[in-house]
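Chains as they are written, first to last, in this note's numbering: chain A, 1 to 147; chain B, 148 to 434. Glycine included, each C-beta is placed from N, C-alpha and C at the ideal position. Being a predicted model, the structure only gives us computed values, none of them experimental.
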Amino acid sequence: MNKNSKFRAKIRQPKIIAFLCNWCSYAGADLAGISRLQYPPNVRVIRVPCSGRMNPLYIIRALQHGVDGVLVSGCHPGDCHYITGNYYARRKFAIINSLLQYVGIEKERVHFSWVSASEGGKFAEVIKQVTEDVKKLGPAKKLVKKI
Amino acid sequence: MKTKKIQDIARKLLKEKKVDVVIGFEKGTLPSSATPCFIRNPDEVDRLIWNSFCGNNLANYLPKRKDKIGIVAKGCDSRSIVVLIQENQIKREQLYIIGIPCDGMTDKNNVLHDYCLICEHKNPVIYDVLVGEKVKENKAQRHPEGLRDTKWQKIEDFEKKSSSDKWKYLESELSKCIRCNACRNACPTCYCKECFIDQEKPRWVGTTNNLSDIIFFHLGRIFHQAGRCTDCGACVRACPMNIDLRQFTQKITKDGETLFDYETGLDIDVKPPFATFKEDDSEDFIK
């Protein structure tokens with residue numbers, strides 16, 4: 001490792017993919033921006049129509065692409081725009097979360113949260129928390145596809 | 148004994164035109180083996196046999212069939228049939244199920260399969276006629292919390308390992324995989340017309356033998372078995388590289404039972420875990 005790459009490793013920031021539901025969490029993120037709330041810039045947002053639209057395999061696919069952390073966020077149970085989407089999603093997330101931990105993906109790589117459209121503050125908090133957790137783990141090596 | 152009875156039932160069914168085809172087992176081309184066969188003619192029913200090598204899950208041949216079928220079913224086969232009926236892949240009226248209480252199947256060396264050792268549903272859960280007497284179910288002891296003691300031993304031991312150890316084991320097992328897709332094709336509940344690994348528009352799943360792609364395929368396949376796997380061992384029998392797939396598929400079965408209190412393929416009228424929800428499902432992993 002030469003000096004340059006050592007320096008790069010030092011300043012390397014984690015990349016986090018956030019799958020946000022269109023109706024709550026995405027609006028929550030918007031509110032956080034409008035309210036000028038500060039949160040780490042490491043998160044890249046992908047908007048999904050509903051947390052129920054999330055194919056849990058997208059999480060694995062994101063990790064395969066080399067992101068260091070994944071956050072999936074939707075409406076609070078009972079507040080889903082499509083009435084029951086997040087209830088179904090919750091079951092899927094429970095299974096995929098436990099499967100990923102079972103095969104040895106660290107618990108802090110994959111996060112789930114409920115953030116409503118009025119919770120800009122909570123969104124900033126969640127992002128802070130997730131970024132901190134992922135930073136502690138360091139860059140992801142498992143599952144990353146090397147070509 | 149059972150062979151004779153199965154033959155009689157099949158002959159009667161075919162003669163009375165109650166079914167168009169009987170799916171059962173015939174003698175394999177190798178010694179100590181049996182192979183699935185389709186009998187359409189009443190004169191051919193003598194080909195049918197029953198012995199301890201009839202391990203294949205015959206429910207694999209059911210999805211999307213339009214004719215009337217007589218099918219020989221063990222405990223695990225019958226549970227897979229229930230799953231297929233729940234998922235509208237076959238109608239109950241199309242089936243005449245010849246249920247056979249099973250004492251466990253053996254491999255070529257006459258050793259009982261390890262999934263048969265922990266089997267809790269040896270008697271078919273659904274049948275039209277039963278061949279032979281029901282056998283005693285081997286219910287594993289239960290913990291006070293409802294967790295099974297012996298059944299999940301292997302999984303619970305694995306859960307206690309550190310995440311790097313777990314990952315190492317996963318990599319060492321799956322690096323043997325040659326992507327032949329035999330586990331998918333042998334599985335009775337893998338019937339999708341277009342599997343997620345075959346999707347091309349867009350091709351979002353790698354089909355190479357890169358280890359990362361292999362792991363993605365297996366995690367995806369295992370995830371799709373949630374609430375559907377009956378632990379019949381079809382994938383393990385089909386695997387040419389002897390990958391320990393059950394170490395991972397069983398975890399999904401365990402989660403279905405512990406998180407959602409659902410045991411696969413016991414009752415047609417009970418909705419599978421992903422087709423329903425409760426308002427108070429556990430969500431302690433969600434912030």
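Under the 8 Å criterion on CB atoms, G120 (chain A) is classed as non-interfacial with respect to chain B. Taken atom to atom, the span from the alpha-carbon of F370 (chain B) to that of L317 (chain B) is near 15 Å. The continuous stretches of beta strand (DSSP E) do not include T253 (chain B), and DSSP gives it neither H nor E. In its chain, beyond the 5 residues on either side, G120 have a beta carbon closer than 6 Å to the beta carbon of S35 (chain A). A Cβ-Cβ contact shorter than 8 Å links S25 (chain A) with V115 (chain A). When 9 Å is used as the limit between beta carbons, F421 (chain B) is near these residues of chain A: Y88, R91, K92, I95, in chain order.
At the C-beta level, T411 (chain B) and T400 (chain B) come within 8 Å of one another.
Residue-level contact by beta carbon fails for Y39 (chain A) and chain B, as no gap is shorter than 8 Å. If you ignore the 5 residues before and after L143 (chain A), its C-beta comes within less than 8 Å of the C-beta of I60, L63, Q64, I105, all in its own chain and listed in chain order. Residues of chain B with a Cβ closer than 7 Å to the Cβ of S98 (chain A) are, in chain order, D402. By the Cβ neighbour-count rule, P14 (chain A) is buried, with 16 or more other Cβ atoms within 10 Å of its own. Nearest to I247 (chain B) by alpha-carbon distance, out of B:P419, B:I362, B:G171, B:K162, is B:G171. Taking the C-beta atoms as reference points, A89 (chain A) is found no nearer than 8 Å to R109 (chain A).
Residue B:H260 holds the alpha-carbon nearest to the alpha-carbon of A381 (chain B) among B:P210, B:D312, B:H260. DSSP places H111 (chain A) in the strand class (E or B) of the three-state scheme. Interface criterion not met: the Cβ of P14 (chain A) is under 8 Å from no Cβ in chain B. One Cα belongs to A18 (chain A), the other to V67 (chain A), and the distance between them is close to 10 Å. Inclusion of D214 (chain B) and V168 (chain B) in the CB contact set at 8 Å is warranted, their separation being smaller than that value. In the DSSP assignment, the residues bridged to R44 (chain A) are A:I17.
Per DSSP, A181 (chain B) lies in no alpha helix (DSSP H); the unbroken beta strand (DSSP E) holding it starts and ends at 181 to 186. Taking a Cβ-Cβ cut-off of 7 Å, the neighbours of G104 (chain A) in chain B comprise S310, S311, K313, W314, L317, given in sequence order. Our two residues, I96 (chain A) and Y102 (chain A), have alpha carbons roughly 10 Å apart in a direct line.
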